[in-house]
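To convert, count from 1 in the sequence shown and add 389; that's our numbering.
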Amino acid sequence: MDIKDVNASYDALGDLLELIENFLRRLNICTKVQSTTAMTETVVKILVELLATLALAIQQVKRGRLKGTSKVREEASWRKDVEALLQKLDRLTQVESRTTAALTLDVVHTVVKNMGEVTENEKALADDIRQILCDSVNPPV
């Protein structure tokens, strides 16, 4: 294994750790708001994959593969495992993004609908007040 292979291994590990960091930042936000079942399921799937990623990274470091002591075939296997994890995490992150977009759309729709109901209620209340005031100024005979 030459220095380029070692650098590529560190780059792959760095990419995985960056994915973990980004997800944990989003998870911090998700834990502060009420979540749906779909979002919770997606987050759990991502957490499972992140744990698998950490396990793989720890395994590789313990075996010394990142130190340049592995065989070429083992390095290819490590890269294939990393690429598979990156692809799976990417798909799950896309699901998370789409779920978040759908939830945001639902919240916006609910807020707009409630604003319309408030506006209608305000109009009805204003009409009632107007009628009371008219009746008090011009009592029915």
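Every residue, glycine too, gets a C-beta built ideally from N, C-alpha and C. Note that this is a predicted model, so its numbers are computed, not measured.
Assigned secondary structure, residue i (DSSP; H/G/I helix, E/B strand, else coil)
i       : result
Lys-421 : coil
Thr-458 : Residue placement at Thr-458 cannot be trusted, given a pLDDT of 48 that sits under 50; what the coordinates show is reported in the next sentence. Note: Thr-458 maps to coil in three-state DSSP.
* To do: Would you check if there are 3 or more beta carbon pairs closer than 8 Å linking the segment 516-526 to the segment 470-479?
  => no
* Pair every Cβ in the segment 440-449 with every Cβ in the segment 479-496, then say whether three or more of these pairs are closer than 8 Å. => no
* To do: Tell me, please, whether the segment 421-437 touches the segment 497-507 by the rule of three or more beta-carbon pairs shorter than 8 Å.
  => no
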